[in-house]
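Colleague: Here it is, the structure, as structure tokens.
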Amino acid sequence: MSLADAPRKTLAFAALLLGAAAIAFAPIFVRLSDTGPTASAFWRVALALAPLWIWMRLSPHAERACALPWKPLVIAGLCFAGDLGAWHVSIAYTSVANSTLEANFAPIFVTLGAWLLFRQRVSRLFLIALGVTLGGAVLLIGPNFALGGRALLGDALGVLTAVFYAGYMLAIKAASARTTTAGIMAVSTTVAAVALLPYSLATADVFLPQSAAGWLVLVGLALIPHIVGQSLIAYGFAHLPASFSSVSLLLQPVLATIYAWALLGEAVGPAQMLGGLVVLTGIYLARRGS
Numbered sequence: 011m012s013l014a015d016a017p018r019k020t021l022a023f024a025a026l027l028l029g030a031a032a033i034a035f036a037p038i039f040v041r042l043s044d045t046g047p048t049a050s051a052f053w054r055v056a057l058a059l060a061p062l063w064i065w066m067r068l069s070p071h072a073e074r075a076c077a078l079p080w081k082p083l084v085i086a087g088l089c090f091a092g093d094l095g096a097w098h099v100s101i102a103y104t105s106v107a108n109s110t111l112e113a114n115f116a117p118i119f120v121t122l123g124a125w126l127l128f129r130q131r132v133s134r135l136f137l138i139a140l141g142v143t144l145g146g147a148v149l150l151i152g153p154n155f156a157l158g159g160r161a162l163l164g165d166a167l168g169v170l171t172a173v174f175y176a177g178y179m180l181a182i183k184a185a186s187a188r189t190t191t192a193g194i195m196a197v198s199t200t201v202a203a204v205a206l207l208p209y210s211l212a213t214a215d216v217f218l219p220q221s222a223a224g225w226l227v228l229v230g231l232a233l234i235p236h237i238v239g240q241s242l243i244a245y246g247f248a249h250l251p252a253s254f255s256s257v258s259l260l261l262q263p264v265l266a267t268i269y270a271w272a273l274l275g276e277a278v279g280p281a282q283m284l285g286g287l288v289v290l291t292g293i294y295l296a297r298r299g300s
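Structure follows, in structure tokens:
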């Protein structure tokens, strides 16, 4: 890294950390919403569309539609739709701590996908880290095996979220070399909204907010975790290695657990705390060894 690049790298790292802090509020807004979880997933992106497209059009580097890298942007949008569709239901079914930690298994799936699809070599450290992460997952999810039903399904959906988020991270990294953060956010959010609309209409028991306060919650969900949080993360990914960026985002589940404890009174048991620490350690080692 040259001296000229140092300020940009520092700014990108700060953007990643702030983005993680912002998206950690997402499960809080989902829990406070008076719509169904799949409906809140749709409104999260739908209410963000107008500000994002205005940002893109007013950007000094605004691009014409023909210049946009449509393929990775469409893939990013579809993956993000799958991410939100699974994660918002997971948040409703299991604890905020569990769903957010499970969603952050994404770095594991990024590396496994690179091995399966591109035959990239996997180090011994990565295999050790994978075992550590799976052990932590057992501790984290273990109490819900006894409960079964919704709680266990919520944990499974949390892991599925990580699969979709891994695809999203790879797609925005590919798109970032050919377009701006504003372009990435505007197009991928539009694709996600189009994909989530029929899904939410078919599955949400309550599609429209029931009060002005309910609309404010959804506006907050669109503004803080999505427009602010995801935009900062997309900027950070554009200027930092994907592996380092993934590790930095491990701040999110820690903050989400703190927010849930402070704002929702959601307690975390000793086994879950230990499991969370083991999972975070395993993911960090996986990135070191991938």
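Read left to right, the sequence shown gives residues 11 to 300 (the numbering used here). Idealized CB from N, CA, C, for every residue including glycine.
#1: Relative to the C-alpha of T104, which candidate in S50, V288, V40 and W53 has its C-alpha closest?
#2: Can you list, in chain order, the stretches of the beta strand (DSSP E) that have 3 or more residues and sit fully within the stretch 26 to 76?
#3: What first and last residue would you give for the alpha helix (DSSP H) that runs through N114?
#4: Closer than 8 Å is the cut-off here; do at least three beta carbon pairs connect the stretch 112 to 126 with the stretch 190 to 203?
#5: Could you spell out where the alpha helix (DSSP H) holding A248 opens and where it closes?
#6: Just to confirm, are R54 and L111 a CB contact at a threshold of 8 Å?
#7: From P17 to I234, what does the alpha carbon distance come to, in whole angstroms?
#8: Among L122, I138 and L83, which one has its Cα closest to the Cα of R131?
#9: Can you check the stretch 178 to 218 for any alpha helix (DSSP H) of at least 4 residues that lies completely inside it and give the ranges in chain order?
#10: Taking buried to mean at least 16 other C-beta atoms within 10 Å of its own C-beta, is S1 buried or exposed?
#11: Just the C-alpha distance for G145 and V288, rounded to the nearest angstrom, thanks.
#12: Checking 8 Å against the spacing of the C-beta atoms, do W80 and A192 come in under that value?
#13: In its own chain, which residues sit with a C-beta less than 7 Å from the C-beta of S241, not counting the 5 before and 5 after it?
Modeller: Working from what's here:
#1: The residue labelled residue 104 in the question sits at position 94 within the sequence shown. It is V40.
#2: The stretch 26 to 76 contains no whole beta strand (DSSP E) run of 3 or more residues.
#3: Translated into positions along the sequence shown, residue 114 becomes position 104. Unbroken run through N114: none, as it is neither H nor E.
#4: Contact fails: fewer than three Cβ-Cβ distances are below 8 Å.
#5: Taking the sequence shown and counting its residues from 1, the one referred to as residue 248 is at position 238. Per DSSP, A248 is one residue of the alpha helix (DSSP H) stretching across S241 to H249.
#6: As a working mapping, residue 54 is identified with position 44 in the sequence shown. As a working mapping, residue 111 is identified with position 101 in the sequence shown. A distance of 8 Å or more separates the beta carbons of R54 and L111.
#7: For the purposes of this step, residue 17 is identified with residue 7 of the sequence shown, where counting begins at 1. For the purposes of this step, residue 234 is identified with residue 224 of the sequence shown, where counting begins at 1. Between P17 and I234, the alpha-carbon positions lie close to 25 Å from each other.
#8: Counting from one through the sequence shown, the residue named residue 131 turns up at place 121. For R131, the nearest C-alpha among the options comes from L122.
#9: Complete alpha helix (DSSP H) runs here, min 4: 191 to 213.
#10: Only positions 11 to 300 of the chain appear in the structure, and residue 1 is not among them; the question remains open.
#11: Residue 145 sits at position 135 when you count from the first residue of the sequence shown. Residue 288 sits at position 278 when you count from the first residue of the sequence shown. Counting only the Cα atoms, V288 lies some 8 Å from G145.
#12: Start at 1 with the first residue of the sequence shown, and residue 80 comes out as number 70. Start at 1 with the first residue of the sequence shown, and residue 192 comes out as number 182. Their beta carbons are not under 8 Å apart, which means W80 does not touch A192 by this criterion.
#13: Sequence index remark: in the sequence shown, residue 241 carries index 231 (1-based). Here the set comprises T191 and M195.
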